[in-house]
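Have a look at the structure below, then the notes.
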């Protein structure tokens, strides 16, 4: 199959998979008709572009809350390409899946080892996963006009890190709280909405909110579960407030 046609097929499936993933709000029990259609398309794509098909399968498998199943496909993609330039792409897919399923510190660790050009394309993931120190290190390494989203993410990370530092709160503390929140999401089979949290620097406190599709009273109950988990682990962090927001 000609390369241009192969790229067109991969792009068409990728657009649909991306839309399915970004609009999902909870784990799937069974594949929808649309997902079954895309799985059939991926079967065909695998014959001509097994690398792309593997990464797209990983994205679909995460919707069942199956981390190991998703990572099976990203590992398969690594085996399929000898090109070192493809590895950051696999890393970014893995980090997105880890973040989506609430393994924020693992996502941050993976992102922290990315080359700067890959990090600049995924500053939203770095902000979401709490890789804020690594994010601020990118300041001044690029033209803001080329990466306007990165400018905003870096500015947010810089302001929030200053606030946390003033309260003796480390990035490790931040990621520990995010991992507790991720555990609550997994327990209730929920996915957060959008690709960025709501992060505000209130001067003496950083507010981190994840939007989830639940009723307001349930968002409060789930936030209480995170707070209870923080208390159990003696994570008293008056300068950092986490909450779920009903969307």
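Numbering (my numbering), first residue to last: 41 to 287. Glycine included, each C-beta is placed from N, C-alpha and C at the ideal position.
query: What does the Cβ neighbour count give for residue 53, buried or exposed, with the cut at 16 atoms within 10 Å?; result: buried
query: How many angstroms separate the CA atom of residue 272 from the CA atom of residue 217?; result: 12 Å
query: Using 8 Å as the threshold, is the C-beta distance between residue 105 and residue 141 below it?; result: yes
query: Find the nearest neighbour of residue 164 within the set 188, 109, 222, judged by alpha-carbon distance.; result: 188
query: Going by Cα to Cα distance, which pick from 258, 208, 263, 264 is closest to residue 245?; result: 208
query: Do three or more CB pairs link the region 253-261 to the region 193-211 at distances below 8 Å?; result: no
query: So what does residue 246 bridge to, in DSSP terms?; result: 241, 280
query: In the DSSP assignment, find the alpha helix (DSSP H) that holds residue 186 and state where it starts and stops.; result: First-last for residue 186: undefined, no H or E at that position.
query: Mind listing, in chain order, the continuous alpha helix (DSSP H) runs of no fewer than 4 residues lying wholly within the region 60-101?; result: 73-85, 90-101
query: So if DSSP puts residue 293 in a beta bridge, which residue, or which two residues, is it bridged to?; result: Lying outside 41 to 287, the shown extent of the chain, residue 293 is not represented and no answer is given.
query: Going by beta carbon distance, what residues of the same chain come within less than 7 Å of residue 56, once the five residues before and after it are set aside?; result: 78
query: Just to confirm, are residue 223 and residue 269 a CB contact at a threshold of 8 Å?; result: yes
query: Between which two residues does the alpha helix (DSSP H) containing residue 26 stretch?; result: This structure gives no information on residue 26, because the portion of the chain shown stretches from 41 to 287.
query: So, residue 293 versus residue 255, is the Cβ gap smaller than 8 Å?; result: Outside the shown range of the chain, which is 41 to 287, sits residue 293, and nothing can be said about it.
query: Counting only the same chain and skipping the five closest in sequence on each side, list residues whose C-beta sits under 6 Å from that of residue 219.; result: 144, 145
query: Could you say which of 160, 201, 70 lies nearest to residue 173 if we only look at CA atoms?; result: 201
query: Identify which residue in 125, 213, 135 has its Cα closest to the Cα of residue 274.; result: 213
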